[in-house]
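Start counting at 1 in the sequence shown, then tack on 496, and there's your number in this note's numbering.
This report concerns only the one structure given below.
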Amino acid sequence: MDIQLTDYKGHTWHLAGAQEGDEGVTLHKISGTDGKLSDHPVPTTQHFPTHTYDTATPEPISPTLTVSITHTTSLTTETTIRRFLDGLDFYKPAILTFHQPRQPELQLFVHLESPIGLPEETAPTDTTTLEIHLTAQDGRYFGPEHTSTGITTIENTGQLPLWPTIHWKGLTARVTEDKNGPIILPPALGTTGLIYHTNPDTGGLITDTHGYPNHNAWATLRGVAWTRPIMPGDATTIDCHKCHIHWRTQYLQPWAQTGGIVSNARTSNNSNGRTWATASGRPHAIRLFD
């Protein structure tokens, strides 16, 4: 299995598998990678009542990495350590990527969970071992980002309910899902368009492509809701008229069987047939404040 860490500055460290240790950092041990559902039901709130199909949420995942850091042809061990640690942050997410042969990549968005102390051996050496404690508040692994338009069938092969997002530009966009019915989308007159977040935990929020809420567009959908997710093992057909639908299958373990059936006009678009765009940054992020 290939394991990579892309820090918040965009630098990728090949920790295990192909190109392992090319940047001077090698993974010796990884633990705490499995997620689990909370034993506590989702609390009912005044605005977003609890749904019977979603009675538990994933708890945070807290992986621990034990890495060996050494010098490279151009950097000393000390410089490599400094650059590696400088790309990890308590607030800005890094991405742990897991990839197996003939399977799509799974990504875990992580932050530092605790400060990193000095190595046990403080004398100058060619190799230093560090233990890195991370946390993923999402509590889930994200598969590749899929996108489609027109009539599309989506099968949720993941382990968690799937709520897609709808992207559109223009005046006449609408989306129809076989279990939710038609939704007429408000005008999107900007150059980049708008995004409808179907998950009711967000209140059916509409944002621009940078994650900032568009309150005028959001108000036009008041009382209109995408009523249910695509449950694991379930499938649905969606008709996106002058819009695009985006989704990422979600898992609780990095070793989970991944794949998925995505059909558009009876053409297979699964991960082994089409190369999907790689999402950048935290998926489905909403920027309420700066």
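We put the beta carbon where it would ideally sit given N, CA and C, even for glycine.
The structure presented is a predicted model; accordingly, all values stated were derived computationally and were not measured.
Taking just the CA atoms, how far does residue j sit from residue i?
i, j, result
"GLU641", "GLU574", "37 Å"
"ASP634", "PRO683", "31 Å"
"THR648", "TRP743", "12 Å"
"GLY654", "THR572", "43 Å"
"PRO728", "LYS525", "31 Å"
"GLN542", "ARG724", "Note that GLN542 scores 47 on pLDDT, short of 50, meaning its location in the model is unreliable; the coordinates nonetheless yield the value given after this. Looking at the two C-alpha atoms, the distance is approximately 19 Å."
"HIS547", "SER564", "Because the pLDDT of HIS547 is 47, which lies under 50, any placement of that residue in the model is unreliable, and the question is left without a value."
"TRP664", "THR732", "20 Å"
"ASP459", "ILE741", "Any answer about residue 459 is impossible in this case: the structure gives the chain only from 497 up to 786."
"THR560", "GLU627", "7 Å"
"ASN676", "GLN603", "29 Å"
"ALA632", "ILE650", "26 Å"
"ILE782", "GLY520", "Low confidence applies here, because ILE782 scores a pLDDT of 43, under 50, leaving its location unreliable and the question unanswered by this model."
"GLY719", "LEU630", "40 Å"
"PRO660", "CYS739", "13 Å"
"ARG579", "LYS588", "16 Å"
"SER534", "ILE557", "11 Å"
"ALA512", "LEU523", "6 Å"
"LEU690", "THR569", "47 Å"
"GLY646", "ALA590", "34 Å"
"HIS737", "THR705", "19 Å"
"GLY639", "ILE726", "15 Å"
With burial defined as no fewer than 16 other Cβ atoms inside 10 Å of the residue's Cβ, what is the status of residue i: buried or exposed?
i, result
"THR621", "exposed"
"LEU667", "exposed"
"SER527", "exposed"
"PRO678", "exposed"
"ASN712", "exposed"
"ALA721", "exposed"
"GLY686", "exposed"
"GLN500", "buried"
"GLN515", "exposed"
"ASP503", "buried"
"HIS693", "buried"
"TYR637", "buried"
"GLY613", "exposed"
"THR529", "buried"
"ALA552", "exposed"
"SER610", "exposed"
"THR745", "buried"
"THR688", "exposed"
"TYR708", "exposed"
Is residue i near the ligand SAH - that is, is its Cβ less than 8 Å away from at least one heavy atom of it?
i, result
"ALA632", "Because no ligand of any kind appears in the structure shown, any question about the ligand SAH cannot be addressed here."
If we define contact as Cβ-Cβ less than 9 Å, is residue i a contact residue for chain D?
i, result
"GLU555", "As a matter of chain content, chain D is missing from the structure shown, which is built from one protein chain."
Check this for me: beta carbons of residue i and residue j, under 9 Å apart or not?
i, j, result
"ASP518", "HIS507", "no"
"THR624", "ILE577", "yes"
"PRO554", "LEU656", "yes"
"GLY583", "LYS505", "yes"
- Go through the segment 683-713 residue by residue and report every complete run of the beta strand (DSSP E) that reaches 3 residues or more, in order. 690-693 and 702-704
- Any contact of the segment 669-687 with the segment 590-605, i.e. 3+ C-beta pairs under 8 Å? No: the two stretches stay apart, fewer than three of their Cβ pairs being nearer than 8 Å.
- Item | Ranges of the alpha helix (DSSP H) found wholly within the segment 545-614, counting only runs of at least 4 | 573-582, all fully within the segment 545-614.
- Query: Curious, which full-length beta strand (DSSP E) runs of at least 3 residues does the segment 713-743 contain?
  - Reply: 731-743
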